[in-house]
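Everything on this sheet refers to the single structure shown next.
Protein chains: 2
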Amino acid sequence: MAAGDPIEEVLIAAGRLFGQLGVEATTMSKLAAEVGLGQSSLYYYFRNRDEVVAALVARANVVPLELIEGLVHGDGIVPLKLYRFVRGDVEALCGLPFDINEIHRIAGRQRDRFADYWQERALLDRRLTSLVRAGVRDGSLRDIDPRLASATILASDEGTQNWFRLRPQPARRVADAVARITIGGLVAPGIDIDEIASEA
Amino acid sequence: MAAGDPIEEVLIAAGRLFGQLGVEATTMSKLAAEVGLGQSSLYYYFRNRDEVVAALVARANVVPLELIEGLVHGDGIVPLKLYRFVRGDVEALCGLPFDINEIHRIAGRQRDRFADYWQERALLDRRLTSLVRAGVRDGSLRDIDPRLASATILASDEGTQNWFRLRPQPARRVADAVARITIGGLVAPGIDIDEIASEA
DNA sequence: GTCTATATCTGGATAGAC
DNA sequence: GTCTATCCAGATATAGAC
């Protein structure tokens, strides 16, 4: 996080360029120019271009993982926890300079190279799935397939980035809307999603 | 659609390669090899590489547009129409060989070049928004912002492609799950989403 | 640490023979 | 229509001076 750390500076610039130009179109020259270095100077900090991508990818799952870990150990009924997760996740995603889906796709095409990413991602999925399962068991959620529901939650969180960029809005407002709709579709008939939303 | 049409063959191969390698990594040489031509022979059919991309992009909005046009003029309450839209859209997306989100992003970075795409996209958004608005008016949907809801619906439809590819499942099953959750979060308290789902 | 210079490669695109 | 040959631009990466 140190402002003077060149590696950190490069990664911040890389995130910005990934968002503007796309990952593939972000070349070492452009990246170097962005931080005021010569093209070849980047190789002092990174072995190659892929290492820059890998360094950014490594951070992609940190926020949602910390978020859900904090929630499962906290208080509240399952729908409330899920609401908070979705809202926090969407809000964090909307704040990223680059598109998580693009990272996702690149990591998907090189599964072994990004093995760490996929492990964390699988862990996130497991945590979310078991949270949903708990909700189905205690009756606060409908009787849906927890794995399918978990995947759908993550999908809509990430999909939101796609249109958020096209039509910028206050991130919190978007996050609340997505959470309300997504979790509203999961709660058991007796439970009022609006009450959950105002409590969260 | 003619099997012997070289242009059609190239586009089908392009879709496949876009999915496997990504759009940027799909070169004219690879594409030519895929259809059994020399690299330069492609230039007989397409002026340049972007034209291949544009030809595929042009088709991206056709299915969901036809889908919603058919629904708005048909029978049924709004939630039922929305359920059918989401299910149909997700099912179609899961059947595509390439990732619509990648196309989306490429078109987003060159708005003027893909002006047609964005016009159709805007039309789709308007149709969906007004369908949601109708539902809010007649009380079959909750009192949510129609524009925000419409965007969220499209986002989760498209986001689904992201994980569907990672963990392949029967497309219809996935589509039903997404539709049930998404529309379930929109219907007014009195309406049972399970009833809608079984009717659809 | 950062630079200049350079080797090497790959892809897009055109010209012109067949 | 499809090919071969070729040009050109841009990108990765390394070597070695400062």
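Protein chains in written order, with the working numbering: chain A, 5 to 204; chain B, 5 to 204.
Every residue gets a Cβ at the ideal spot worked out from N, C-alpha and C, and that includes glycine.
First through last residue of the alpha helix (DSSP H) which encompasses residue i
{"i": "T156/B", "result": "P150 to F168"}
{"i": "N105/B", "result": "I104 to R113"}
{"i": "L97/B", "result": "V82 to G99"}
{"i": "R141/B", "result": "A119 to D142"}
{"i": "S202/A", "result": "I197 to E203"}
Close-in-space but distant-in-sequence residues of the same chain around residue i (CB under 6 Å, 5 per side omitted)
{"i": "V136/A", "result": "P150, A153 and S154"}
{"i": "V56/A", "result": "A18 and F50"}
{"i": "I200/B", "result": "P83, L84 and Y87"}
{"i": "R20/B", "result": "P101"}
{"i": "A183/B", "result": "Y87, V90 and R91"}
{"i": "I107/B", "result": "V61 and A64"}
{"i": "T133/B", "result": "P150, R151 and S154"}
Exposed unless 16 or more other CB atoms sit within 10 angstroms - verdict on residue i
{"i": "D93/A", "result": "buried"}
{"i": "N52/B", "result": "exposed"}
{"i": "T30/B", "result": "buried"}
{"i": "A119/A", "result": "exposed"}
{"i": "G78/A", "result": "exposed"}
{"i": "I11/B", "result": "exposed"}
{"i": "G188/B", "result": "buried"}
{"i": "G40/A", "result": "exposed"}
{"i": "R109/B", "result": "buried"}
{"i": "D103/A", "result": "buried"}
{"i": "L128/B", "result": "buried"}
{"i": "L75/A", "result": "buried"}
Beta-carbon proximity list for residue i, same chain, < 7 Å, skipping 5 on both sides
{"i": "T186/B", "result": "V90, I157 and S160"}
{"i": "R125/A", "result": "N65"}
{"i": "I33/A", "result": "One point to set straight first is that residue 33/A is Ser, not Ile, in the sequence displayed. Taken in chain order, the residues that qualify are Q43."}
{"i": "A59/B", "result": "L15"}
{"i": "I195/B", "result": "P83 and S144"}
{"i": "V67/B", "result": "A96"}
Cβ pair residue i, residue j closer than 8 Å
{"i": "A37/A", "j": "S45/A", "result": "no"}
{"i": "A179/B", "j": "E95/B", "result": "yes"}
{"i": "A138/A", "j": "W122/A", "result": "no"}
{"i": "R115/A", "j": "G26/B", "result": "no"}
{"i": "I72/B", "j": "R117/B", "result": "no"}
Same chain, Cβ closer than 8 Å to residue i, five either side skipped, listed in chain order
{"i": "A192/A", "result": "G143, S144, L145 and R146"}
{"i": "C98/A", "result": "T164, Q165, F168, A175, V178 and A179"}
{"i": "V14/A", "result": "L35, V39, L46, Y49, F50 and V56"}
{"i": "V140/B", "result": "R146, D147, I148 and P150"}
Distance between beta carbons of residue j and residue i, contact taken as under 8 Å
{"i": "I105/A", "j": "E162/A", "result": "Ile is not the amino acid found at residue 105/A; the sequence shown has Asn there. The pair is a contact, with the Cβ atoms about 6 Å apart (cut-off 8 Å)."}
{"i": "E28/A", "j": "E28/B", "result": "4 Å"}
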